[in-house]
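These protein sequence lines are chains V and W, in that order. Residues 63 to 174 (my numbering) are what the first sequence spells out, left to right. Residues 3 to 112 (my numbering) are what the second sequence spells out, left to right. Note that the Cβ used here is the ideal one computed from N, Cα and C, for glycine as well. Data first, discussion second: the structure below is written as structure tokens.
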Amino acid sequence: SAVISQKPSRDICQRGTSLTIQCQVDSQVTMMFWYRQQPGQSLTLIATANQGSEATYESGFVIDKFPISRPNLTFSTLTVSNMSPEDSSIYLCSVVQERIQYFGAGTRLSVL
Amino acid sequence: LAKTTQPISMDSYEGQEVNITCSHNNIATNDYITWYQQFPSQGPRFIIQGYKTKVTNEVASLFIPADRKSSTLSLPRVSLSDTAVYYCLVGDDRFQKLVFGTGTRLLVSP
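Here it is, written out as structure tokens:
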């Protein structure tokens with residue numbers, strides 16, 4: 063099974079600033095996903111990031127707000143740009159290995 | 003895109019068997035059914051996956067009827083540590099447009 067490390071685990075940010083979340087996987091994977099989870103809610107897919115191609119964003123999420131990098135098969139970043147309190151949430155990285163999704167512990171973001 | 007429907011919450015007691023059913027009426031031929039468990043402040047964790055009939059591992063069983071329009075996760079003899087949210091997810095090998103449903107919040111009491 064894949065082991066995923068996310069950094070930071072939590073952060074408190076001021077509105078208007080940006081935060082970059084890092085996702086490191088212990089093995090090479092083709093597909094990586096970024097999710098958002100509001101407290102007490104289910105997971106919402108933000109985008110799919112495959113190495114060597116542009117990220118594919120879901121409806122309601124745009125690249126200018128959530129730019130994603132995928133420089134290699136073990137690493138990805140998600141940036142939450144120009145933050146507002148509405149961006150306060152948990153952000154999770156996920157990878158697929160042999161038809162199973164593995165998730166990081168998440169980054170808990172609070173925007174003041 | 004297969005949408006899933008699960009009960010919002012379930013209550014049980016320690017030592018009981020818990021069955022959580024997920025409805026996925028428009029499941030496609032190539033779709034698999036996967037269940038995840040999520041504890042507070044953690045990412046979801048894989049429990050079990052199946053395509054048809056019955057699958058069993060060391061923690062759970064998954065029952066899938068012939069029409070595959072639903073599936074049932076069975077947790078034998080639950081303990082307090084099984085209190086969590088359980089998600090049913092339907093998707094194919096391409097993992098496109100994965101959609102998590104509301105999940106089922108299971109509360110196990112002494």
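Proximal residues to residue i (C-beta, below 8 Å), its chain only, five neighbours per side dropped
| i | result |
| --- | --- |
| residue 159 of chain V | 63, 64, 89 and 91 |
| residue 56 of chain W | 63, 64, 65 and 66 |
| residue 174 of chain V | 74, 75, 76, 77 and 147 |
| residue 54 of chain W | 66, 68 and 70 |
| residue 162 of chain V | 63 |
Cβ separation of residue i and residue j, assumed to be a contact under 8 Å, to the nearest whole Å
| i | j | result |
| --- | --- | --- |
| residue 104 of chain V | residue 102 of chain W | 5 Å |
| residue 88 of chain W | residue 108 of chain W | 6 Å |
| residue 141 of chain V | residue 129 of chain V | 5 Å |
| residue 72 of chain W | residue 106 of chain W | Not confirmed; about 13 Å, so no contact. |
Proximity of residue i and residue j at Cβ, strictly below 8 Å
| i | j | result |
| --- | --- | --- |
| residue 144 of chain V | residue 113 of chain V | no |
| residue 165 of chain V | residue 45 of chain W | yes |
| residue 87 of chain V | residue 139 of chain V | no |
| residue 80 of chain W | residue 110 of chain W | yes |
| residue 78 of chain W | residue 19 of chain W | yes |
Own chain partners of residue i with C-beta closer than 6 Å, once the 5 adjacent residues on each side are dropped
| i | result |
| --- | --- |
| residue 7 of chain W | 25 |
| residue 21 of chain W | 74 and 76 |
| residue 17 of chain W | 79 |
| residue 83 of chain V | 140, 153 and 169 |
| residue 111 of chain V | 94, 117, 130, 132 and 138 |
Same chain, Cβ closer than 7 Å to residue i, neighbours up to 5 away in sequence not counted
| i | result |
| --- | --- |
| residue 151 of chain V | 98, 99, 100 and 171 |
| residue 79 of chain V | 145 |
| residue 109 of chain V | 96, 117, 118, 119, 120, 123, 128 and 130 |
| residue 167 of chain V | 68 and 71 |
| residue 107 of chain V | 95, 97 and 120 |
Which whole runs of the beta strand (DSSP E) in the segment 51-109 of chain W are 3 residues long or more, in chain order? 55-58, 63-66, 72-77 and 86-93
For the pair the segment 8-16 of chain W and the segment 26-34 of chain W, tell me if three or more CB-CB distances fall below 8 Å. no
When the Cβ atoms of the segment 38-49 of chain W are set against those of the segment 69-88 of chain W, are three or more pairs found closer than 8 Å? yes
What are the uninterrupted segments assigned as beta strand (DSSP E) that are 3 or more residues long and contained completely in the segment 90-172 of chain V, given in chain order? 93-99, 105-112, 130-134, 137-142, 151-159 and 162-165
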